[in-house]
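Enquirer: Here you go, one structure.
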Amino acid sequence: MARIDQWFISSKTCHACGYKAESMPLRVRLWQCADCGIYHDRDVNAALNIKRQGILKLKSEGLSVSAHQGLRKFGVSRQPEKKWEASPYRARSSHKG
Numbered sequence: 001m002a003r004i005d006q007w008f009i010s011s012k013t014c015h016a017c018g019y020k021a022e023s024m025p026l027r028v029r030l031w032q033c034a035d036c037g038i039y040h041d042r043d044v045n046a047a048l049n050i051k052r053q054g055i056l057k058l059k060s061e062g063l064s065v066s067a068h069q070g071l072r073k074f075g076v077s078r079q080p081e082k083k084w085e086a087s088p089y090r091a092r093s094s095h096k097g
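Using full-length UniProt numbering, you'd call the opening residue of the sequence shown number 1 and step up by one each time.
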């Protein structure tokens with residue numbers, strides 16, 4: 001687990017380009033980056049920034065994070081490579097609008 005500074009500016013920083021908005025009231029839930037133009041859900045954007053910050057912190061400590069099963073390991077992989085194949089099934093929404 002990586003500890004992130006509680007004052008890390010996660011929701012006002014664009015996860016795509018790194019632009020930092022100077023001010024943004026908490027009531028603003030959706031916003032557009034003034035630099036790259038991407039639209040953000042404030043909470044999803046914050047989660048992506050926190051994830052990236054945690055990964056950077058782990059890497060600075062000499063650790064790496066596996067995208068598969070959330071495994072942490074030192075240096076290179078000690079597990080054999082798995083081959084991932086695309087599923088022939090597509091996710092379908094049961095919602096009918």
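Ideal Cβ placement from N, Cα and C applies to all residues, glycine included.
Could you pull out every residue in the same chain whose Cβ sits closer than 8 Å to the Cβ of Q32, ignoring the five residues on either side in sequence?
Expert: So the list reads I38, Y39, H40, once near-sequence residues are dropped.
Enquirer: Could you name the residues that DSSP lists as bridge partners for D43?
Expert: BP columns for D43 are empty, so no partner.
Enquirer: Could you have a look at L30 and say whether DSSP puts it in helix, strand or coil?
Expert: Strand at L30.
Enquirer: With DSSP as the reference, identify every bridge partner of K20, one or two as the case may be.
Expert: Bridge partners of K20: T13.
Enquirer: Label residue 123 either buried or exposed according to how many other C-beta atoms from any shown protein chain fall within 10 Å of its C-beta, with 16 as the threshold for buried.
Expert: Because the chain here runs from 1 to 97, residue 123 falls outside it and cannot be looked at.
Enquirer: Can you find the residues in the same chain that come closer than 8 Å, C-beta to C-beta, to R52, ignoring five residues on each side of it along the sequence?
Expert: If we look at R52 and ignore the five residues flanking it on each side, its Cβ neighbours are H15.
Enquirer: So, with DSSP's three-state summary, where would you put G37?
Expert: Looking at G37 - three-state DSSP - the assignment turns out to be coil, as it is neither helix nor strand.
Enquirer: Near Y19, what residues of its chain come up, given a Cβ to Cβ distance below 6 Å and the 5 sequence neighbours on each side ignored?
Expert: The answer, listed in chain order, is C33, D35.
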